[in-house]
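Chains as they are written, first to last, in our numbering: chain A, 1 to 484; chain R, 1001 to 1096. To start, the structure under review is shown below, and the notes come after it.
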Amino acid sequence: MSEITKLTLAEARDALQAKKISAKELTTAYIGEIEKQNPKLNAFITLTPERAIADAEKSDAKIAKGEAGALEGIPLAIKDLFCTNGVRTTAASHILENFVPQYESTVTSKLWNAGGVMLGKTNLDEFAMGSSNTTSYFGNVINPHKANDSDKDLVPGGSSGGSATAVAANLCLAATGTDTGGSIRQPAAFCGIVGIKPTYGRCSRFGTIAFASSLDQAGMFARNVRDAAIVQTIISGHDPKDSTSAVLDVPDFEKALTGNVKGLRIGIPKEYRPDGINAEVAALWDKGIATLKAAGAEIVDISLPHTKYALATYYIIAPAEASSNLARYDGIRYGLRVTPESGNLNDLYCKTRANGFGNEVKRRIMIGTYVLSAGYYDAYYKKAQKVRYLIAQDFKQAFEKVDAILTPTAPSAAFAIGENSDDPIAMYLNDVFTVPTSLAGLPAISIPGGLSANGLPLGLQIIGKAFDEETVFRVAGFMEDAGK
Amino acid sequence: MIDTQTITKIAKLAHIEVSDAEKQHFAGELSGILTWIEQLAEVNTDNVPMLTSVSDTVLPWREDKITDGNRRDAILANAPASEYGCFVVPKVIDNE
């Protein structure tokens, strides 16, 4: 690895602005890393090295003129779910294999306006549906970490597996992700990096390919908490093009990193310690609790009684919304078209979608169609929306007593590619600790908590009140420092 | 339990062609997932409202005016087939 790619985002930013390094030099170093490592890791679906160099040259000119933005010259990777004007955007699906957006997502616009440099588009589970990045039409992503006792390739987690791998392997300084049920936090934990999912409504969803609209939220991956805070500040804020984006001022999240947790009340939910919890995960969680306590935080035992119903609730709501959102892929206006011999329009739809979607996506569309169909809507969808209310209430009540909640991010470390793949429910269980927060729309971060006995990263999750990312970052920043 | 007949019906609603072998496969998987989901029946939801939005804020209003448009070429840029500024689709009305 070249020395220059070892700089953190904050260090690179300062070095660029002090003209100690150039954006072109930095970008060229990252392109070199990608050329070396990506053929093995498969973190990117589309690389844009020419665009990156052009962006970097523009950044150098801006820095020279004293007009640098907050991310001027910083090389970034973009999950291939964010539409990028003129750059192919696939959602890792055959149905969008050749789709070239004619407009830019709000999140990426904000990054480019701040001076970010685009290295390329990262791999993901197809339409962000998965927890292992093994459902991509463009092949599996490989976790840069390996267990001490095995040479097996491990999953990076999902759905934002390419972004997490790209950050963990030093192929970029930060990367965008989206999180519907854990798609930022779980891969961050599996790859040993930081991943922030902000409050639902903190970022615009405009130009982000939709999976489940009441849950989808953009966020960021970075190598440390400060870097994550810097980029998360940039992509947040109200957007008239997304009515669900909140009309609220965005604090500078970097300023929330006070390094102090004294007096903060940290909730520990008993439901996150079920019988049979992975002993290493439990021990790591206990260590985190002890660290906070030693620093003067008040540890409060809390209960989130409907936790065990969150996954089942999620697997009604998310597929239901997905089945509606993905109805747009019909082979008429964009994307793949498979023309049937019959020449019949309805056959065109059915053949296009049969060929264009992979198995996990089809499975979720079918579940969603079923739970929304006549006669089943009340029993499934309506019931799930009611349980979702109870889950959100659990958090609301807990947050009357605490300022933040600490839990593990995932029930295990990264597993081998192919494991859990025959049983959809076993795969869904990966998100058991992240889905409840998503259903309640709350902000949460995953930070590296330590290593398992066989040397794999494990993550801790810090959950905050709605629109209180500052406390989330504050606790995360403290814990990161304490772990050094 | 989901049988292959139900799968045929769902696939038709979802506009996805499925082969007979796939029908068997999906019937098994969907039955498993829906059986697992049945656990929600344990939760008492009498008098519980449906949560339709996690956000407490009221959606913002805006003036009812045109903010965008005249982008025919951009809209057609990704069309699998287009002619004369329109999308091309198979004929949907019979010859009479």
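All residues carry an ideal CB built from backbone N, CA and C; glycine is no exception. No experiment lies behind these values; they were computed from the predicted model shown.
| Check | Outcome |
| --- | --- |
| Give a yes or no on whether the C-beta atoms belonging to A:Tyr377 and R:Leu1051 are separated by under 8 angstroms. | no |
| Residues in the same chain with beta-carbon distance under 7 angstroms from A:Phe206, minus the five sequence neighbours each way, listed in chain order, please. | Ser105, Thr106, Asp239, Lys241, Asp242 |
| Closest Cβ-Cβ distance between R:Arg1072 and chain A: below 8 angstroms? | no |
| Roughly how many whole angstroms lie between the Cα atoms of A:Leu96 and A:Cys83? | 11 angstroms |
| From A:Tyr334 to A:Ser136, what distance separates their C-alpha atoms? | 20 angstroms |
| Which class does R:Val1089 belong to by DSSP, given the choice of helix, strand or coil? | coil |
| Are any of the Cβ atoms in chain R nearer than 8 angstroms to that of A:Ser22? | no |
| Does any residue of chain A have a CB that is nearer than 8 angstroms to the CB of R:Gly1032? | yes |
| Give me the subset of the segment 414 to 427 of chain A whose CB atoms are less than 7 angstroms from a CB atom of chain R, sorted by chain position. | Pro424, Ile425 |
| When burial is assigned at 16 or more other CB atoms within 10 Å of the CB, is R:Met1001 buried or exposed? | exposed |
| Below 7 angstroms CB to CB, which residues in the same chain sit around A:His306 once its five sequence neighbours on both sides are set aside? | Val387, Leu390, Ile391, Asp394 |
| Within 10 angstroms of the Cβ of A:Arg328, are there 16 or more other Cβ atoms? Answer buried if so, exposed if not. | exposed |
| What is the rounded straight-line gap between the Cα of A:Lys362 and the Cα of A:Asn260? | 48 angstroms |
| For R:Thr1052, go through chain A and note every residue whose CB falls closer than 7 angstroms to its CB, in chain order. | Gln385 |
| Taking just the CA atoms, how far does A:Ala147 sit from R:Asn1078? | 44 angstroms |
| First and last residue of the beta strand (DSSP E) that includes A:Ala444? | 444 to 451 |
| Answer yes or no: do A:Ile27 and A:Ile45 have a C-beta to C-beta separation smaller than 8 angstroms? | The question names Ile, but residue 27 of chain A in the sequence shown is Thr. Against a cut-off of 8 angstroms, the Cβ pair of A:Ile45 and A:Thr27 comes out as no contact. |
| Would R:Ile1037 pass as an interface residue toward chain A - the criterion being a Cβ-Cβ separation below 8 angstroms? | yes |
| By the 10 Å Cβ neighbour count, where 16 or more other Cβ atoms means buried, how is R:Ala1011 classified, buried or exposed? | buried |
| Mind checking which residues open and close the beta strand (DSSP E) that includes A:Phe415? | Looking at the DSSP string, A:Phe415 is not in any beta strand (DSSP E), and its letter there is neither H nor E. |
| Can you have a look at A:Cys191 and say buried or exposed, based on whether 16 or more other CB atoms are within 10 angstroms of its CB? | buried |
| Nearest to A:Pro187 by alpha carbon, out of A:Ser446, A:Gly276, A:Ala318, A:Cys172? | A:Ser446 |
| The beta strand (DSSP E) spanning A:Lys197 covers which residue range? | 194 to 197 |
| Closer than 7 angstroms, Cβ to any Cβ of chain R: which residues of the segment 389 to 408 of chain A, in chain order? | Tyr389, Leu390, Ala392 |
| For R:Tyr1084, count neighbouring C-beta atoms within 10 Å of its own C-beta (all shown protein chains included) and say buried if the count is 16 or more, exposed if not. | exposed |
| For chain A, is any of its Cβ atoms less than 8 angstroms away from the one on R:Thr1057? | yes |
| How is the beta strand (DSSP E) around A:Asp179 delimited, first residue to last? | 174 to 179 |
| With distance defined between alpha-carbon atoms, name the residue in A:Pro448, A:Ala476, A:Gly483, A:Ala453 nearest to A:Ile193. | A:Pro448 |
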